[in-house]
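All the letters of the sequence shown, read from the start, carry residue numbers 43 to 484 under the working numbering.
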Amino acid sequence: MAMHRWMLAMVLALFAVAGYAGWQQWGPLPDSVAARVDGDAIPAATLDVFVAAARRSDPDISRESVLKGLVENRLLAAVAKAQHDHDAHPERVGYDSATRHEQQRFKLIRTAYAEELRAAVTEHGMQNSLDSLTTPLALSREALAPMLTLEQALYSTMTDAQQQAASHYVLARYRFADDQPEQTLTLWDLYRRQNIQLKVQMHNLNLGFIREAVKQQLIMAYVFYWFEQQAGLSRAAIAAVDRSIDDALQRDTLMHDMGLMQDIHDDNPELRELAAQVSDVQLADYYAANKEQFTRVERVRARHLRVNSQQQADRVHELIHDGLSFDQAVADYSVAPDRDQGGELGWIDRQSRQDHWTRALAFVQPEGVVSPPFRSPGADAAPYWELFLVEEKVTAYQSLESESVRYRAGRAVAQQLLQQRFQNLLAQVTEQASLRINQEVL
């Protein structure tokens, strides 16, 4: 599913802007061309590939929507390229740009041609990609060590000399058809395609990992071979597929730079700086319009049930799930001193929840649902297990003056402003572009 979600994200613009009327300029085009963007063709066969991929996750998506995404990606990629030609940016992630392109190309083809590839793999006996080898893998710790052993005091990756040696060391020789020239995969080919964490496995001379990495690379190579030789696309259509993949990656780079995308470990300076400029009036307006986002639990009224073993806890939880009332379960099974009081914990507020781990856990349970068993955390006494039932929960709105609210509201307002910037940019480049759309293809 994650791959399918990526596919939709790649072919569709993320924000609605001018609408179809703003970009559709119908005009006579050859049947083989879906659109021209500033003179560059998007072939109909290329559109077919992206439509097939997108429909794997959304069967009802229209060809027009997919083409709109490809066109907008092309326009935004031109902006991104112009900015980066002027001010080159370093790689943000562990994979270089060529590897990211390969990864997205592989996902696209594998998704668009899933059934055809499965049939081809069966027909060609490619269930194990290592069967395509023409000679055994050259996996020797003694041979690999000089190229992969790091000079720890100085380097965290291969030295220039090691890279040069690795580029000449052939790990695998293979072919997918008798009439195909023998292909080679060097140690450098494999190494450069790994992120930092995976390169560590290679530096550790993990031959099992290297063998699996070779296997995965051969799978990718076979998918590309099949696509280029068997999918029935012209060279121009294949080149346009690659251009469209690059467009999507460039668009992502642009949106990252605009503060609209970020990796999980990335800082977002655009968002942070804009949030710091949000006025009190903007904060108040956002808070008033989105007040439900700023509620928090103030206190809960809860009960608990305690038993002395995991087995007993699981059994009691199952009995409750099957219809036993919590009242009866406490009376029959609880070993807590408050058993005769129905396991009452009373009212727990934000301050009193800190008094004991049971109160803290009870405070965060959903209302009206018996919790799963929790084991006591202490190691200095015999363990026990607790089940909780929150019978009533009181919530309240957080104050606009609280630091948490101002932080969250400020970032939300800044996010809206960044999105508006993006919408304005996309509307501008769409207005300025020369677009021709082949209605018959749609």
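Virtual Cβ for every residue (Gly too), placed ideally from N, Cα, C.
- In the DSSP assignment, I280 falls outside any beta strand (DSSP E) and within the unbroken alpha helix (DSSP H) covering R277 to D299.
- Nearest neighbour of Q440 by Cα position, chosen from R448, E433 and E434, turns out to be R448.
- Membership of R183 in the alpha helix (DSSP H) is indicated by the continuous run R183 to L190.
- V432 is positioned such that its CB atom lies closer than 7 Å to that of V342.
- Each residue's CA atom was taken as its position, placing W230 and L175 some 18 Å apart.
- Residues of the same chain with a CB within less than 8 Å of the CB of Y375, apart from the 5 flanking positions on each side, are L347, V349, Q354 and V358 in chain order.
- Annotation: L460 is outside any beta strand (DSSP E); the continuous alpha helix (DSSP H) that includes it extends over E445 to Q474.
- Counting along the chain, the unbroken alpha helix (DSSP H) around D231 starts and ends at L229 to R234.
- The C-alpha of L240 lies about 47 Å from the C-alpha of P72.
- With a threshold of 16 other beta carbon atoms within 10 Å, K149 meets it and is buried.
- In the structure shown, T226 adopts extended strand secondary structure according to DSSP, grouped into three states.
- Listed in chain order, the non-local C-beta contacts of T141 below 6 Å within the same chain comprise R235, local neighbours out to five positions each way being set aside.
- Around the beta carbon of P188, fewer than 16 other beta carbons sit within 10 angstroms, so the residue counts as exposed.
- Taking a C-beta distance under 7 Å as the contact criterion, V108 and V93 qualify as a contact pair.
- In chain order, V342, V432, E433, E434 and K435 place their CB closer than 8 Å to the CB of E409, counting only its own chain and leaving out the 5 sequence neighbours on each side.
- Distance from R345 to L387 at the Cβ level is roughly 6 Å; contact confirmed, criterion being Cβ atoms closer than 8 Å.
- Here P415 is buried. Its C-beta has 16 or more other C-beta atoms within 10 Å.
- Distance check between P85 and each of Q407, L302, R105 and L213 places R105 closest, using alpha-carbon atoms only.
- When the alpha-carbon of N332 is set against those of A371, L442, M262 and A373, the nearest one is in L442.
- A330 and T472 have their C-alpha atoms some 35 Å from each other.
- If you compare the alpha carbons of A378, S446, A282 and R98 with that of S418, the shortest gap goes to A378.
- Going by DSSP, I479 is part of the beta strand (DSSP E) stretching over L477 to I479.
- Bounds of the alpha helix (DSSP H) holding V93 are A86 to A96.
- Shown here, R217 sits in coil according to DSSP, grouped into three states, outside any helix or strand.
- A distance of 7 Å or more separates the beta carbons of L325 and L460.
- Put simply, the backbone Cα of E445 is about 14 Å away from that of R338.
- In summary, E315 is exposed, with fewer than 16 beta-carbon neighbours lying within 10 Å of its beta-carbon over all protein chains present.
- Residue burial annotation: R395 is buried, with at least 16 other C-beta atoms found within 10 angstroms of its C-beta.
- Ranked by Cα distance from R450, the first of P101, E334 and V372 is E334.
- In the structure shown, the three-state DSSP call for R392 is coil.
- Beta-bridge annotation (DSSP): V342 is paired with I390 and K435.
- Secondary structure at A255: helix, using DSSP grouped into helix, strand and coil.
- The criterion of a C-beta distance shorter than 7 Å is not satisfied by T153 and A282.
- With a 10 Å radius around the Cβ and a threshold of 16 neighbouring Cβ atoms, E482 comes out exposed.
- Distance between A219 and I252, taken at the CA atoms: about 24 Å.
- One alpha carbon belongs to V256, the other to Q319, and they sit about 50 Å apart.
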